[in-house]
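Residue numbers (my numbering), protein chains in the order written: chain L, 2 to 315; chain F, 20 to 518; chain B, 1354 to 1650; chain Z, 9 to 683. We put the beta carbon where it would ideally sit given N, CA and C, even for glycine. No experiment lies behind these values; they were computed from the predicted model shown. Below is one structure, written out as structure tokens; comments come after it.
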Amino acid sequence: MTAYILRRLAFLGLTMLLTSLLIFVITQLLPGDVCRVILGREVGENALEACRLDLGLDQPAPVRYFTWLGDFLTGNWGNSYSTDAEIRPLVMERLGNSLMLAGFTMLVGVPIAIGLGVIAALNEGKAIDNGISLGALAVVGLPEFVTGILLIEILAFRLGLPANSSIRETATFAEAFPSLILPALTATFVLLAYVARLTRAGVIEELKQAYVRTAELKGLPRRTVIWRHVLRNAMLPTITVVAISFGWLISGLVVIENVFNYPGLGRLMVFAISRRDLPLLQAISLITVLGFALANLVADLLYAALNPRIRIGS
Amino acid sequence: GPSPEATGPAGEPEATQAEPGEERQTGGTLRVAFQSLVQTDPALISSDAEVLVANAVYDYLVDVDPVTNEPTPRLAAGWDISDDGTSYLFSLVEGATFHDGSPVTAADVVWTFDRLRNPDSGYATVSLYENIVSVEAASENEVNFTLSSPNPFFLYDLSDNHALIIKDGTTDASDFNGSGPFVVETYSPEDRIVLVANENYFVEGQPALDHVEIIFFAEEGAMVDALRGGQVDLVMRMSTPLFESLQDVEGIETTFASTNGFDLIRLRSDREPGNDPRIIQAMKLATDREAILELVQQGYGSVGNDSPIGPLYTNYHDPAVQPPARDVEAARALLAEAGYPDGIDLTLHTPNTGGRPDLAAVLQSQWAEAGINLELSVEPEEVYYGDDGWLEVDLGITGWGSRPYPQFYLDTMLVTGAVWNESHFSDQEFDALAATAGGSLDEAERADAYAQIQALLADRGPVIIPYYFPVFGAISDLFTGFQLEAFPGRTDLHTIRLK
Amino acid sequence: MASAATADVTKQSAAPGWGQRFFSLARTLLRRPSHALGTLISLLFLVIAIIGPLLAPYGANEQIVADARDGPSAAHWFGVDTLGRDVYSRVLLGTRDIFTLAGIGTLLAVLIGTSLGLLSGYRGGWFDELLMRFFDSVLALPALLLALLLLGTLGPSRQSVLFVIVIVYIPIVARVVRSVVLSVKTRSYIEAARVQGESSARILFREILPAVLPALAVEAALRFSYAIFLASSLGFLGVGVQPPSPEWGLMVNEARDAVSQTPWALYFPAAAISLLVISVNLLADGLKHVFQMDGER
Amino acid sequence: MASPLLQLQQLAVSYKVGRRTLDALRDVDLSIDAGQTYGLVGESGSGKSTLALAAMRYLPANGFIRSGSIMFGDKDLAKLSPEEMRARWGRQIGFVPQNPATALNPSVRVGDQIREALRLYSRDESDVMEILKQMRIADPARVARQYPHQLSGGMQQRMLISMALSGNPHLLVLDEPTTALDVTTEAAILDLLRGAQQMLNTAMLYVTHNLGVVATLTDRVAVLYAGELAEDAPTKELFRQPLHPYTRGLLDSVPRLGQRKDVNRLRGIVGQIPALGETIDACVFAPRCPLAIEICWQKRPTLDAPTPDRTVRCHRWPEIMAGDISPSRAVEKSSQVTKQAANQVLQVDGLQVAYKMPGGTLQAVRGVDVQATSGRTLGVVGESGSGKSSLARAVIGLVEPSEGKIDLLGIQLPKRLTRRNRVVLSHLQMVFQNPEEALNPHLTVGESLSRPLITLRGVKPADAKAQVGELLAAVRLPADYADRLPSQLSGGEKQRVAIARAFASQPELLLADEPVSALDVSVQAAILNLLADLQIEHQTSMLFIAHDIAVVGYLADEIAVMYLGQIMQTSPAETIFDAPYHPYTEALLSSVPPPDPFVKQERIRLEGELPSAVNPPNGCPFHTRCPRFLGDICVEQKPPWRETEDGKRIFCHIPLEDLLRDQTDVLQFEGAKKS
Ligand SMILES: Nc1ncnc2c1ncn2[C@@H]1O[C@H](COP(=O)(O)OP(=O)(O)OP(=O)(O)O)[C@@H](O)[C@H]1O
Ligand SMILES: Nc1ncnc2c1ncn2[C@@H]1O[C@H](COP(=O)(O)OP(=O)(O)OP(=O)(O)O)[C@@H](O)[C@H]1O
Ligand SMILES: [Mg+2]
Ligand SMILES: [Mg+2]
């Protein structure tokens, strides 16, 4: 197990390194003179020159990459070009908000989704299953922005829920809660369908396994067979599914946060792109990727920890 | 990202002052929805949002009355102008202090303007204040400005968006150490800025509100949603459909102000094909301005006559100068004459903000009938202006914000070699007229020059101005004292109060 | 030599041709109502994409000033938007947009992804290792994030969106293909081909590729539906296809401000996106089912 | 006689497939007495599993009992509710499945899985240790804490058996419980079952296709064919005189130990079992029956009882019983080809194959020397994992040996396949184990066959077609098969095509890696005969791999016995059953259940598990399990090669004389030795 964890960590490190390089390369190619963007259109050439020197843009790209990476790793994320604010607290705060939204969504959505998936699987081919499967498929087809807008139009003004989720920085969860509802609901739709579908497939797959027959022919009650034998194994792939859906959520949140004006990382990212705010963009990307990768790692480790075939090896 | 629309001085009636004797009705929090800030240094600000915050945190020396459009005192209690119009002496108000407690002195004013006109700084104000020979403290609270030549609009220039008085020696704009009616409590970039009333503000009874929270939004639609949902109280700058959608909503008062702001279509006149004036003429003939106003602005605002001297400048605008009526056949004929019998293919560049993409789409459809086939290139505003591409392309749309006086447009946009002469227009007669209008202290002479300029532009100007747009605002009916400015960023928050 | 072992002759029909096989697969696909519906609607959209201009009563950018902001009527089935454009025509014409963007994007991604997946899976070794590590790092970026980054770099335009779709989906397709190749590669018939001295090219394209096709067809359909999703999301965020194109996501975005004035301009394109994505999803589901059934036979 | 424990009466079971209803069982009558061991045999697809599952009322979702009854005691199981069945499962009817690896819950400790059963049957949970000890598990406490994947297949099957027995059921249903296991493990499991049966007096319904198992384990046998009971008799009687031609065919398909291709050919059965829903309303076996006469094609035979304790469903059993006709097929003697001088084709010296694994290097083959000569077959046997495939794959170039030299016709071969030229490739061909994977499902038989002609023999694509017909004819397939896709062929036919493809390039050496292991006995017999014929015809040298020593003994001229990557013994095929043997060969031979209830077999059982090939034992690789372990010398020193007079070479520390003294012939035949 230790070896497994170490291998996964090394793997994560390598992937992150490559990804950071990718992010760096892409962002370096962003068009537009960074200093022009920082200083606005109304400054002269000498100010621009000073700015470029100040940002180290005269250095060759590899040097800049390693400087950036080193700075990033040591926690020195620099200041945003467009707002001049320190990046780290800014990104961390938004990350917190995004995680709150994602966490809330997962907390509510995942159990429901798994429940639906299991119910559908246990009733494979029956009306309930067809209903759930078709519903899930339909929801999968709705882009977040459509769901979001529909929810705003249908629910927000009618139920008095905030359509705009710009929460106060100091807000407690209780205060932020109302503004979380609609974006979380939108995200839940995406998640629900996705996780439910995969859970269903997982359970159906498990139900076909020979050990289910063994358990049944022992004379175990159906309930015990499902709970103690089938779900235990079906939950393993579901963990991975949930982790992947977390990645999905990250993507989905970019759109959702922009629809609801939720001050999360996704909204900050679109802001950073529109402002050509390289350091901010790089930091957000890297943090997102790290979060994504960590979620996958956690899922992997959890999977391994719960799965004796990996935990113990043969 | 800066855009010419959002640059330069603006002015319209100053909001109602607190009635003397009336008890200052204080308290309350106003939540304003606005675009996020990029710059916080007054010398670098340009967008509405930036100006709105700066105007609340700092003070101008001279303000412009939104009703009379006349210069009014702010930090300056009053001024004396020498007879030759080259020397201005300002006395400062009593009791003005910066938020750190130090008094506002003449030295601060000197430092502020020396900074803004320092040629090494690269600031946009450098050319604006080129005319200033010196700024000197005449006493502890008196400042003297000396000009090299008379400037009829100098008081307006002093009310330029950037000309906010900052404390002598300030290096870090993020301190927000102004003297204005509000003090910055917290600034959370891209999210919000929270302001609290400046208890020591030198104007009695102002500000009326305890707190102002400016919440940043990327989209106007979201701002309006938030207003309808009660998460914000005030929205300025929104698209016409959004404004329309708020008309019958209970608890929300809508307001709009006519402005001299406009979107223009300009054709580079220094090279093919724009160097043949028949081309721009054909474009003018192919344009149906009424339809554009109806479709793009839903009828709000007014039809333009291709000159930046709009009907709001009642002293200078010449209603007799009219753009040509739409005549597709004539346009075709002109094109054929100019050597394009089979029509002409062009790319129309436009930033992706406001009604500009819509304008482009409508033009594409209208001009196609006359054989002017447009390919549209819609770019993010930041990219379009940021790369200076807007100054290079042949055919483009640019938005220009409302200004308190028209000379600004001529000097920065149309005079030979002007900084933002996007059409690369160069016309000696025009230059001479513009110089006359900008330098004369004689009102009649100036009005005459402006009239001639309007005629000249209608005849051979490189730009089409299809409309002047209005600005829209909407506020919760819990508040009163909101006076929307033509340049929304210059709207005063300190006059707004709870009902 | 009449041996003890004569052929265990069976009475099976002669080999069916490809056409017959196609029809039998199609029949399986159409058996379930949901799959049939998905297939038919997808095909309907495809037809609209091809002949849309013939069906559309107005041009995508044709402005009928007098009718601006009119609701759905006999003259304008889906109503008119604020710029006086017929929403029905725009939705029809936008179909081609989405099919060219998402369709060509998917196609290119599938072509390139398949080649890379085949090569990487079959060759193995450092090439595989390198490519997979690279793809890992690409896949470590959530798709939309990568798309946004790339669009920030390329600037928003149709070509950029196309490019983004291709780049985002190549690794995914390649991995799917690779995993099939890895499982097929060790089959005896591939080893038999190797010991018979078949060239790598023949092994890849004649022996392995057909085994990849079912998974690829399903994956391509899925990718296509995600590509529609992605393209319209980018359009909605304003970083994709730019106005005045009748791209559906962009239409939704443009109509959002005016939703209380012209709700039809928002709901019809939104419905079109949803309908198409759902249909293609159902089609993918159906394909998966078909190939599963085919495999079990 | 007391009333039977389980009685199937006129049982018919069908499956719903799409809109069709397919009959899998028709009119099956069968009754099992308490304590009886009942064998159920038949080819694949004959409905054995269906019957076993139906007996427990546990059919797949699309299966249902169409008519008939399943009397268990005085209850008809066919009429019980699911809840009532659940109360009987485990407590009255136990089940042991085929594949132990998948039949245990992978994420629950095996001890807990057994405990769960005990709790359910209201037994003391501490009985687990007791039960495991009964299963002869050395360290039950440790094993109970382990997860299924940590156990070998044999151990897993013991867990399942102990679970099934823990409810003290009256009836145990076993569906091919040892098919997935090695012979040595199988022997141990069979011992266990025998023991348990004697102790608990549990009746067993034992499903298998292995006639050897039936012969050694069961009291009675039922033969199933195409969903119908062909014959049902006490085991010994069935083997002595099968009354149904199908039973005879099955018995004639398996090589007896010692049966050889050149002396006594396998007879087998022609054709193949009809697919579900394809049966005719007559004798279902008529299409394949050598004795079929007109009536067989017209009328369905009734189930008759020639003697009180046996039944048969055949029109002609009276004649067969009387000995007037023989149901054995007449088989031509293999074509006698003049033995040409055998020249050496393959020479392998010091071959080593290693696989890199996360936990170290796995040494699959550790220094093997073998030779193969033209027209003759070298057979290789050994347990699973002994390195047989690795050896063949290294020779053909599919894996690169880490060490050693491979000479073909006296010329050293490059190790890597891509370095070998066409001539070398054409001289070396291979037939693989699994016929389902042997042919590309997307290529027609014609295309598959024409490829080696084109690539290796340089035949023009246009001419290849004609030669494909010849190849098909050589493997006794009609020429129009060229247009078929593999999915339209049966397993045996696929393997024929694969053999034709291997012979297309006219190889000098054919490597056959368990080419018949996945096939039914009847098909296996035909393929073995085909290989023998082709070899004689082409004078090809063959390396034939199998884990079934009887099969190897039948086909090979020379046999090498492999263990843990090394060769333990080589011997001429004729002497493989004669002492002295290597102790491993001895154990192997005594583990194979002879398909003959009249053969007495020594019982030598291997203890422990096959050691890991990552860390193979020093000295003699077999010392950890050797029943004739000498002591330190076996641990420390490599054994010498010892040669016997009858041409064997034995890799053992024990002198030949000692071996000869201690060993007797493992198999003692009733009556004459060898036929
Ligand atoms: N669930 C099912 N649906 C349809 N047909 C089935 C099903 N299960 C088995 N069959 C078919 O029923 C027939 C009998 O199958 P069964 O598994 O009982 O045979 P078997 O004798 O056990 O074969 P094997 O030796 O391969 O295990 C076969 O033709 C098989 O294909
Ligand atoms: N590609 C491979 N990678 C790693 N280990 C392998 C590989 N192929 C075989 N092995 C291991 O090498 C050893 C010998 O395997 P091999 O397949 O040669 O044995 P075998 O005698 O043919 O067994 P079987 O009867 O199961 O086919 C086994 O322990 C097996 O697990
Ligand atoms: Mg079976
Ligand atoms: Mg093998």
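It is roughly 51 Å from the alpha-carbon of I662 (chain Z) to the alpha-carbon of D1481 (chain B). Contact between E448 (chain F) and W409 (chain F) does not hold, since their C-beta atoms are separated by about 26 Å, which reaches or exceeds 8 Å. D357 (chain Z) sits away from K423 (chain Z), with the two beta carbons spaced by 8 Å or more. Across the stretch 208-230 of chain F, CB contacts with chain L closer than 8 Å involve P208, E209, D210, R211, in sequence order along the chain.
Around the beta carbon of A463 (chain F), a 10 Å sphere encloses fewer than 16 other beta carbons of the protein chains shown; the residue is thus reported as exposed.
The C-beta of N623 (chain Z) has fewer than 16 other C-beta atoms within 10 Å across all chains shown, which makes the residue exposed. The beta carbons of L395 (chain F) and P1597 (chain B) sit closer together than 8 Å.
Of B:L1583, B:T1435, B:F1516, the smallest CA-CA separation from E145 (chain L) is found for B:L1583.
Among the bridge pairs identified by DSSP, E272 (chain F) is matched with F:I494. Checking the DSSP bridge columns, you'll see E87 (chain L) partnered with L:N80.
With respect to chain L, the C-beta atom of S1510 (chain B) has no partner C-beta closer than 8 Å. Residue pairing by DSSP places I233 (chain F) opposite F:V51, F:I212 in a beta bridge. Taking the CA atoms as reference points, D1647 (chain B) sits about 10 Å from L1640 (chain B). Within its own chain, the residues whose Cβ lies closer than 6 Å to the Cβ of L61 (chain Z), once the five positions on either side in sequence are excluded, are L67, listed in chain order.
Within the stretch 367-384 of chain F, contact with chain B at the beta-carbon level (separation under 8 Å) is assigned to N371, P376, D377, A379, A380, V381, Q383, S384.
Distance from the Cα of P177 (chain Z) is smallest, within the candidate group Z:L572, Z:Q503, Z:A211, Z:L493, for Z:A211.
Positions of the alpha helix (DSSP H) runs, each at least 4 residues long and wholly inside the stretch 1362-1435 of chain B, are given as 1371-1384, 1386-1408 in order along the chain. For E1544 (chain B), the closest Cβ of chain Z is nearer than 8 Å. At least 8 Å separates the CB of T58 (chain Z) from every CB of chain B.
Put simply, the stretch 553-572 of chain Z touches the stretch 385-393 of chain Z. At least three CB pairs are less than 8 Å apart. Not a single unbroken stretch of the beta strand (DSSP E) spanning 3 or more residues falls wholly within the stretch 1506-1566 of chain B. Assignment of W409 (chain F) by DSSP, reduced to helix, strand and coil, places it in the helix class. Listed by position along chain L, the residues whose Cβ is nearer than 7 Å to that of F236 (chain F) are N262. Residues of the stretch 259-285 of chain L with a C-beta atom less than 8 Å from some C-beta of chain F are N259, V260, F261, N262, P264, R268, L269, V271, F272, S275, R276, R277, listed in chain order. Cβ atoms of I553 (chain Z) and D528 (chain Z) stay farther apart than 8 Å, at about 19 Å.
Identification of residues in the stretch 1558-1586 of chain B having a C-beta nearer than 8 Å to some C-beta of chain F yields an empty set. Taking the beta carbon of I139 (chain Z) as reference, no residue of chain B falls within 8 Å; the closest one sits roughly 39 Å away. The bridge partners DSSP lists for L675 (chain Z) are Z:Q609.
Rounded to whole angstroms, N70 (chain Z) and T200 (chain L) show a C-alpha spacing of 24 Å.
Look at the beta carbons and you see the stretch 203-210 of chain L touching the stretch 218-238 of chain L: at least three pairs across the two are nearer than 8 Å. Under DSSP, H368 (chain F) forms a beta bridge with F:S396, F:G415. The beta carbons of H450 (chain Z) and A1564 (chain B) sit closer together than 8 Å.
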